[in-house]
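The sequence shown stops at residue 770 when you use the working numbering, and every number in between is there. Quick notes on the structure that follows.
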Amino acid sequence: MRAEVRVSGIVQGIGFRPFIYRIATKYGLVGYVRNRGDGLVEIVIEGRKNRIEGFLKELRHKPPPLARIYKITTKYSEETGEFKNFRIIKSSGRLEFSGSIIPPDIAICDECLRELRDPKNRRYNYFFITCTNCGPRYTIIERLPYDRPNTTMREFPMCQKCSIEYRDPANRRFHAQTIACKDCGPRVYLTTNDGEIIECNDPIREAGRLIEEGYIVAIKGNGGFHVATATTISEPIARLRRVKHRAQKPFAIMARDLEAVKTFADVSKWEAELLKSYIRPIVLLKKSEDYYLSELISPRLHTIGVMLPYTGLHVMLFDWVKEPAFVMTSANPPNEPIVIDNDEAYRRLGRDVDYILLHNRRIAQRCDDSVVRLHGKDPVIIRRSRGYAPEPIRLKIPSKKCSLGVGAELMVTACLLLDNKAFASQHIGDVENIETLNFLREAINHLVRLTNSRVEVIAHDLHPRCNTTRLAKELSEKFNCPAIPIQHHHAHLACIMAEYGLDEIVGIVCDGFGYGLDGQAWGGEILYCNLTEFKRLGYLQPQPMVGGDLATIYPLRMAAALLSKSIDVEEWLISRSNLLPHGEIEAHLIAKQIKDGKVPIWTTSCGRVLDAISAILGICHERTYEGEPAMKLESAAIGGRNILKLEPKIIGDNILDTSFLATRILEAQKNHKIADLAYSAQTYIANGLAKIAIQKAEELNIRTIAFTGGVAYNQHITETIREAVERNGMKLITQRLIPPGDGGISIGQSIIAAKLIK
């Protein structure tokens, strides 16, 4: 009997061919297995029927741990007798199928880690130790099939010992495309910031020692450079903030191990599992009561972003030091993509760092670290990148069209939708300049090539001036397909509908900004949605954005807008004029514009309301990074109580009065703790939004309410909405697979566009 088998999914780059070889020989079958250029694995086997059946059963039910099988097709025929044994043969460039892809980068496995530490092992202390179960994948691939010549490892011919291991079916590195050792693989070296080689026996551990001493070191990893320094000394962190122009934005840190993390942060069992997973994301953890690291790492926040080492190089950095963790932040100039090239590192980072730790393997695809927060045991993905991308998100609503979403303006990703698989790119960033826009363009082209897709429709944000909107029109000409605008908050809700397989929903969408149908700045919305249309059911009270974008940077402007209906804001602003860039002159101007009513932009943004409350309470008066005032308000509320117990004030039956909230917070400021007022303000917003959503859902006979948008990262607001919804016998759903912030927008765009196109 003969069986011709095709397997689609994530089946290249995870030891799948060696797995097939082993089970084929186990069942005494002959034939071959090979990779194909469209991402499939092709298998031809001959032998007795019962043995082929046993082979196929094992293939379906016992694949390698990192494999993701989407489909197996089998064609039976008569045995030909052309094979004498079973072999892994040369890959084919055949392109027939769309939708298979390589895996993401995988953290160092326990077996490689043991070998790294074993003085008797020939890969002892080799920083680039990998096997079929771990190592870089997405960041080294240039094209399919996933074979060494199609990766940046082609520049490192295998030595005789590695070649023997590569061909040995009993070896863990059998057909491991990243196989290497100190004799034939990538090499590491330490230099000064201007390129002078530092002569030392152990460049990696020497770099770790320099970091502990307070120097700033740029470190090349798998998907780009990090900038590292000590965590227990404030001076180098302050210097790093100056050179990176990051006055307040928190830095991520890398801890030596989980035990070290527990000395400065609270870690639940679910957080520990995520920290140690093969993804190894940055996990936002609550600082412990005896937190002892520098406060400059995450100023005035109750959380700290922590990851564990995910390469041999990272593990070795800690060997000569006592530091529990290093600051490990992405190395990129302001608002530009992460640096990946060695020459570029000297040019762009040299002035800001003291030393640079490099290796000589090229990075094919830049990829930032992923960021995740847990609400209880439920993951909330903030940035979906290394360890996740490009593995697709399996949706419960399939698409008949291949659609491409290009994102909005901030936290941008791209998404290619094929059937029920959303292939989201790695994190691109804020598309505000040509460098990041080019990165987005390159990531899209690479994703299309890897998945062998034919794009049929492109989706972009409704805002006409987004750079991604212009890119969508450019790509529509390239791919000869239509480009469709999708309203921002509709896209947010489409994600959660497809994740849960719902045809319609009443959803609460809260974020900083989304271009509304009326041309104004939406961001505190209650919508009815299906996958082709939506209706606005309710929203936060519209407030004037005095100065437009300036109101997002200086939240006192938003605070004045909210308070203007109840107090003399000119007097109030003058008393705080030292907190405005232009002092009293600016205070007079803001008050006059509010009084005259000559403010062209009005907003319903929940983010702007949280900013205003943060400013009223004196928590944050200038936004130096996205979400800062609201994040610091959340941190200030830790340990607080709902002291004010404000009943939501609804204007009409669908608008939550936020001026009322601001006035009550101002009035109570003299008599109550900031923590209690911050807590009370968040509770009011959550209960008010829930009240409107529940009422509208009841009118429409819908029993499930969704909550999404960037504000959904706020655990207190999310849980308060959940409690209110469940008290009324309804169900609240939130996103677990897709970022609720703008990093998920491209996915929602592609879902809606695929439904709209005929």
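We put the beta carbon where it would ideally sit given N, CA and C, even for glycine.
Straight-line gap, residue i to residue j (C-alpha atoms, nearest Å)
i	j	result
Tyr138	Glu224	22 Å
Ala772	Ala259	Residue 772 lies beyond the residue range present for the chain, which begins at 13 and ends at 770; the question has no answer from this structure.
Asp117	Glu154	14 Å
Cys618	Leu474	19 Å
Ile216	Asp331	9 Å
Asn47	Ser20	11 Å
Ile602	Pro641	20 Å
Leu673	Ala693	7 Å
Ser578	Glu679	11 Å
Ile772	Tyr44	With the chain covering 13 to 770 only, the question about residue 772 has no answer from this structure.
Ile613	Glu545	25 Å
Tyr527	Ile176	59 Å
Ile729	Gly721	12 Å
Phe719	Arg548	15 Å
Beta bridge counterpart(s) of residue i as assigned by DSSP
i	result
Tyr551	Glu537, Ile667
Ala163	Checking the displayed sequence, the identity of residue 163 turns out to be Thr instead of Ala. DSSP lists Ile153 as partners of Thr163.
Lys87	Glu16
Asn699	Partner(s): none; Asn699 has no beta bridge.
Ala5	Any question about residue 5 goes unanswered here, given that the chain covers just 13 to 770.
Lys9	Summary: the structure shown does not reach residue 9, with the chain confined to residues 13 through 770, and so no result is reported for it.
Gly417	Cys427, Ala471
Pro7	Any answer about residue 7 is impossible in this case: the structure gives the chain only from 13 up to 770.
His371	Val200
Asn47	Val53
Tyr527	Ala533
Phe338	Ala242, Met266
Thr615	Ala533, Gln555
Given residue i as reference, the closest of the options once Cα atoms are compared
i	options	result
Arg2	Pro215, Val239, Glu596, Asn713	Any answer about residue 2 is impossible in this case: the structure gives the chain only from 13 up to 770.
Asn450	Ile686, Ala484, Pro494	Ala484
Pro76	Lys102, Cys146, Val467	Cys146
Glu444	Asn479, Ser411, Ala284, Lys412	Asn479
Lys770	Ile32, Gln189, Val469, Lys743	Val469
Ile745	Tyr512, Ile84, Asn464	Tyr512
Arg221	Arg185, Leu296, Met319, Ala337	Ala337
Ile655	Leu629, Arg292, Ile686	Ile686
Gln532	His500, Asn542, Val518	His500
Ile565	Tyr551, Val581, His633	His633
Ser310	Lys703, Arg14, Asp530, Ser246	Ser246
Gly630	His594, Asn133, Ile662, Pro567	Pro567
Ile84	Glu90, Glu70, Asn740, Pro248	Glu70
Gly536	Val723, Ala434, Gly560, Leu459	Val723
Met165	Lys173, Ala182, Arg184, Ala188	Ala188
Leu459	Ala436, Glu447, Arg477	Ala436
Ala420	Phe28, Gly760, Gln707, Asn62	Gly760
Lys232	Ile717, Val255, Glu356	Glu356
Ile628	Pro345, His600, Leu452, Arg676	Arg676
Glu598	Val558, Ser382, Arg620	Val558
Tyr201	Ala230, Leu430, Leu313, His594	Ala230
Lys657	Pro30, Thr190, Thr616, Asp688	Asp688
Val279	Val581, Arg292, Arg268, Leu296	Leu296
His472	Lys607, Arg126, Ala401, Val418	Val418
Val42	Arg466, Pro751, Asn97	Asn97
Limits of the unbroken alpha helix (DSSP H) element including residue i
i	result
Phe67	61–73
Arg18	Looking at the DSSP string, Arg18 is not in any alpha helix (DSSP H); the run it does join, the beta strand (DSSP E), is 14–22.
His502	500–512
Ala765	757–768
Leu270	270–273
Arg569	568–575
Lys299	From DSSP, Lys299 is part of no alpha helix (DSSP H) but of the beta strand (DSSP E) over 294–299.
Cβ distance (whole Å) where residue i is taken to contact residue j below 8 Å
i	j	result
Thr341	Phe276	Not really, about 17 Å apart at Cβ, beyond 8 Å.
Ala766	Ser411	4 Å
Thr203	Ile368	5 Å
Gly197	Ile375	Actually they are not in contact, since the Cβ atoms of Gly197 and Ile375 sit about 15 Å apart, beyond 8 Å.
Leu574	Gln555	6 Å
Arg748	Asp390	6 Å
Leu430	Ser671	Not quite, the Cβ-Cβ distance comes to about 47 Å (not below 8 Å), so this is no contact.
CB contact check: residue i to chain D, cutoff 8 Å
i	result
Pro77	The structure shown has no chain D; it contains just one protein chain.
For residue i, the first and last residue of its enclosing beta strand (DSSP E)
i	result
Pro345	Neither: Pro345 is in no beta strand (DSSP E) and is coded neither H nor E.
Thr716	716–720
Thr315	315–319
Arg106	No beta strand (DSSP E) holds Arg106; DSSP gives it neither H nor E.
Phe435	433–436
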